[in-house]
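Okay, so here's the structure we're looking at.
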Amino acid sequence: MAMPQNSTGENGFCFSQTLDFSCPSPPPGEASRTFDPLCGREACGTPLSNGTMSSGVPSPSDSCAKPLCSTTPGEEETQFSKGIKYVSAEGEELACGWGGFTPGCLQLFNTSKGVLFFLCVASFLQGMTVNGFINTVITSIERRFDLRSYQSGLIASSYDIAACVCLTFVSYFGGNGHKPRWLGWGVLVMGLGSLLFALPHFTTGRYEARSAAELGVCGGNQSLPCAQVASSLSSYRFVFMLGQFLHGMGATPLYTLGVTYLDENVKTNYSPVYIAVFYTAAILGPAAGYLVGGMFLNIYTEIGREIDIAPENTLWVGAWWIGFLGAGAASLLISIPILGYPQRLPGSQRYIVMRVSEAHQLKDGSHKKASDPDFGKTVKDLPRSVLLLLKNPTFIFLCLAGATEATLIAGMSTFGPKFLESQFSLSASEAATFFGYLVVPAGGGGTFLGGFLVNKFKLRCSGIIKLCLLCTVSSLLAIFIFFIHCPNMPMAGVTQMYEGSALPGGHLNLTAACNAECGCLQETYSPVCGSDNIMYYSPCHAGCRKVSENLRNGKKVYYECSCIQKNLLPSPGSAEAGKCSSSCAKRPLLLFFMFVVILFTFLSSIPALTATLRCVSDRQRSFALGIQWIVVRTLGGIPGPIAFGSMIDKSCLLWQDQCGEQGSCYVYQNSAMSQYTLIAGLVYKVLGTTFFIVACLLYKPPPPESAPGSSDTSENGNCDLQEQKPSLPSEEDI
1 MAMPQNSTGE
11 NGFCFSQTLD
21 FSCPSPPPGE
31 ASRTFDPLCG
41 REACGTPLSN
51 GTMSSGVPSP
61 SDSCAKPLCS
71 TTPGEEETQF
81 SKGIKYVSAE
91 GEELACGWGG
101 FTPGCLQLFN
111 TSKGVLFFLC
121 VASFLQGMTV
131 NGFINTVITS
141 IERRFDLRSY
151 QSGLIASSYD
161 IAACVCLTFV
171 SYFGGNGHKP
181 RWLGWGVLVM
191 GLGSLLFALP
201 HFTTGRYEAR
211 SAAELGVCGG
221 NQSLPCAQVA
231 SSLSSYRFVF
241 MLGQFLHGMG
251 ATPLYTLGVT
261 YLDENVKTNY
271 SPVYIAVFYT
281 AAILGPAAGY
291 LVGGMFLNIY
301 TEIGREIDIA
311 PENTLWVGAW
321 WIGFLGAGAA
331 SLLISIPILG
341 YPQRLPGSQR
351 YIVMRVSEAH
361 QLKDGSHKKA
371 SDPDFGKTVK
381 DLPRSVLLLL
391 KNPTFIFLCL
401 AGATEATLIA
411 GMSTFGPKFL
421 ESQFSLSASE
431 AATFFGYLVV
441 PAGGGGTFLG
451 GFLVNKFKLR
461 CSGIIKLCLL
471 CTVSSLLAIF
481 IFFIHCPNMP
491 MAGVTQMYEG
501 SALPGGHLNL
511 TAACNAECGC
521 LQETYSPVCG
531 SDNIMYYSPC
541 HAGCRKVSEN
551 LRNGKKVYYE
561 CSCIQKNLLP
571 SPGSAEAGKC
581 SSSCAKRPLL
591 LFFMFVVILF
601 TFLSSIPALT
611 ATLRCVSDRQ
621 RSFALGIQWI
631 VVRTLGGIPG
641 PIAFGSMIDK
651 SCLLWQDQCG
661 EQGSCYVYQN
671 SAMSQYTLIA
681 GLVYKVLGTT
691 FFIVACLLYK
701 PPPPESAPGS
711 SDTSENGNCD
721 LQEQKPSLPS
731 EEDI
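Okay, structure coming up:
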């Protein structure tokens, strides 16, 4: 039975494939009738998914008028046994493989689920490398290659710079090209970047831990040389920057072309779930990076060489390079199957036919230009593509809303551990682990739940934007929890005077009569917790003269501390290395509402992405995602940590003194930190809420008559296959 087809679909795509559906023989006398298996009605004069009428007789001038499905009586039995066979009228190969090598066993993975698996592995590796390993090992790299903080900041920023440079080119040309090839080569470039990042370990000499004189206790050798000659090792920062640049180049197709490739090859209502799974893998990657990277840092960088210093020592450098070698090799391997996928998956044609456009309708009708099959194939169409997106107010305000959310996510991921460290008096490693336990269920769960809700309630574009608005308002209300804070642990000479009286704000006085003869240096910050439950700047500042090791926890214990009050305490005049533990009663409340803020922030991410895909025409989806990523990175991802960092630095009580130069902050005032975090969070959440409201109000959906047979269209815009016969085979049968 022959089925006529439209020359151009909703997205301007030329339906040139021939689909062979298995069908029983028609009754006698009806063999000549034309029947539409998609919507179960006669094809002559049948409205297609884009609202146009298609005649059963193709026009000779229509080069794309080829039958979607055709059988002859002699072929019926054979095709019934074989199921569906996809043949391209243009000779396009839809089999999975590399060139002419397309073995049958590989076709088991030539499905949307197979693509999803390999793309999830790629996004997991990207998140683990860029957002996990890099953040974990940056301190070790600074120590190993004598880098300053601003230099390591340039290394981290190289990723975003590369992404911004490549996004327009990749999303425009890749969106109209062979997406799996762009994706595969991108993952391969990302793997090369990881291997290049580990290269300096093998091209430099052995790391020699400089053994410094014993510092810390009162009366010890307190000399610390300030004049340090700049090391030639700092030049390796350019190798690290190049590695990060390759990371950014390789990851660019992943979150633009990867998302649209998934969206094009699954049902419209399944798309949010697939994209949510994809992004959940990207969020779990950094968590694995923190755990695995931290484990490698407990191994000395020169493997097999004995060393007499412990990982807690400031001179220790862990095996930072192992993770990059493993991630690089895995990326190279995973790029091979991705390169083997066809330009579109078998069976994806029916999803394109059934898709109903939800693109924002421009008053001048210029949005229809994007439906031209030849639109976007040359550089000449690039300015027109940009102009079409700029004239789409819904898209613009969704981009701005995404930028505000990205600012919060970037700022929170960078300074969230520091907030916990200060509020609850934790060590840096404890705070990072705590924050990881908080982000994985909240971020990963919120991302997946957002896609699930869109699919569950069959939301259209306007409903999706309203869901984003609801999530943003919920997190806006939860962010008021930062009104409360945990009090600072008392610290002699910083928050209070040595005698116990209050210290005037902004004035430090680390010297007292009890430690005046010790000759303590402010450069050696090594906090200890005294037996009087007061913290001291260092054992020297506490007046401690002897040191031993606690066999229970391995921490150093200092004795004969003249500045610690000797009263009826179990260990009078002693102190233990590390901060005093906080017993803040508000900890559960703070952690719960931080979880809520993170959950609702990530909950809106996939719906916002889905709304972006729906409000633009199909041929502009990849390019629209590229432009959105540029806006999100330039307005959110890059300045976000800077904005949050400058706000938090205003609450610093004690700055590091590097031979007269101000370094990083040692101690923050918890009340001020909470207030500044609240201000920053409120500003960006209010902006995000406003942008979502404006996007919802300005969205103009297509008129109802553009849908194919409104009575035969389900809520999600697809033909109601369950109520019509004959039905199409399920995705699993393909």
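Using full-length UniProt numbering, the first residue of the sequence shown is number 1, and each one after it goes up by one. Using N, Cα and C, we set each Cβ at its ideal position, and we do this for glycine too. In this text, all values refer to a predicted model and were calculated from it rather than measured experimentally.
Within the same chain, Y699 come within 6 Å of S462 by CB-CB distance, once the 5 residues on both sides are set aside. Setting aside the 5 residues that flank it on each side, G175 is surrounded in the same chain by S622 and F623, each with a C-beta closer than 6 Å to its C-beta; the list follows chain order.
At a Cβ-Cβ threshold of 8 Å, C561 and C544 count as neighbours. Ranked by how close their Cα comes to the Cα of Y498, the residues C563, F435 and K546 have C563 in first place. Annotation: the continuous alpha helix (DSSP H) that includes V292 extends over S271 to L297. The continuous alpha helix (DSSP H) containing K179 extends over residues K179 to T203. For K466, the enclosing alpha helix (DSSP H) begins and ends at C461 to A478. Take the alpha-carbon of V165 and the one of V317: they are about 34 Å apart.
In the structure shown, the three-state DSSP call for S548 is strand. Of the candidates C540, I534 and G530, the residue whose Cα lies closest to the Cα of N515 is C540. For the segment 575-620, the continuous beta strand (DSSP E) assignments of 3+ residues that do not extend past its boundaries occur at 575-577, in sequence order.
Separation of the CB atoms of T610 and I275 is rounded to 7 Å, and the pair is thereby assigned contact status at 8 Å. For Y558, there is no enclosing alpha helix (DSSP H); the enclosing beta strand (DSSP E) has its first and last residue at K556 to Y559.
Counting of Cβ neighbours within 10 angstroms places I134 among the buried residues, the total reaching 16 or more. With the rule of 3 Cβ pairs closer than 8 Å, the segment 272-292 counts as touching the segment 438-450. Residue nearest to S604 within the set V121, L167, V473 and V259 is V473 (criterion: CA-CA distance). With a 10 Å radius around the Cβ and a threshold of 16 neighbouring Cβ atoms, P588 comes out exposed. Cα atoms of A442 and E517: separation of roughly 52 Å, rounded to the nearest angstrom. Within its own chain, the residues whose Cβ lies closer than 7 Å to the Cβ of F595, once the five positions on either side in sequence are excluded, are L438 and A442, listed in chain order.
By the C-beta criterion, the segment 180-199 is judged to be in contact with the segment 329-337, since at least 3 inter-stretch pairs fall below 8 Å. Looking only at H485, M673, V494 and I638, the smallest Cα-Cα distance to F593 is reached by H485. Taking all protein chains in view, the Cβ of P311 is surrounded by fewer than 16 other Cβ atoms within 10 Å, so the residue is classified as exposed. Among the bridge pairs identified by DSSP, C665 is matched with W655.
Non-local C-beta neighbours of S651 in its own chain, meaning closer than 7 Å and more than five positions away in sequence, comprise Y668, Q669, A672, M673 and Y676, ordered along the chain.
Below 8 Å, too few C-beta pairs join the segment 263-272 and the segment 149-164 to call them touching: fewer than three. In its chain, beyond the 5 residues on either side, F593, V596, V597 and F600 have a beta carbon closer than 8 Å to the beta carbon of A478. Restricting attention to E523, G293 and E549, the CA atom closest to the CA of L125 is found in G293. By alpha-carbon distance to D263, the top candidate from W629, F482, D618 and G446 is D618.
Cβ-Cβ separation between W98 and L420: approximately 48 Å, too far for a contact (criterion under 8 Å). Between I648 and F415, the C-beta gap is smaller than 8 Å, which places the two residues in contact. Per DSSP, C529 is one residue of the beta strand (DSSP E) stretching across V528 to G530.
Between the alpha carbons of L469 and I693 lies a distance of about 7 Å. Comparing alpha carbon positions, the residue from Y255, H201, P253 and A251 closest to F240 is H201. Q349 sits in a helix when the DSSP states are folded into three classes. Here the alpha carbons of A162 and F691 stand approximately 28 Å from one another. Rounded to the nearest angstrom, the Cβ distance from G328 to S194 is 3 Å, consistent with a contact under 8 Å.
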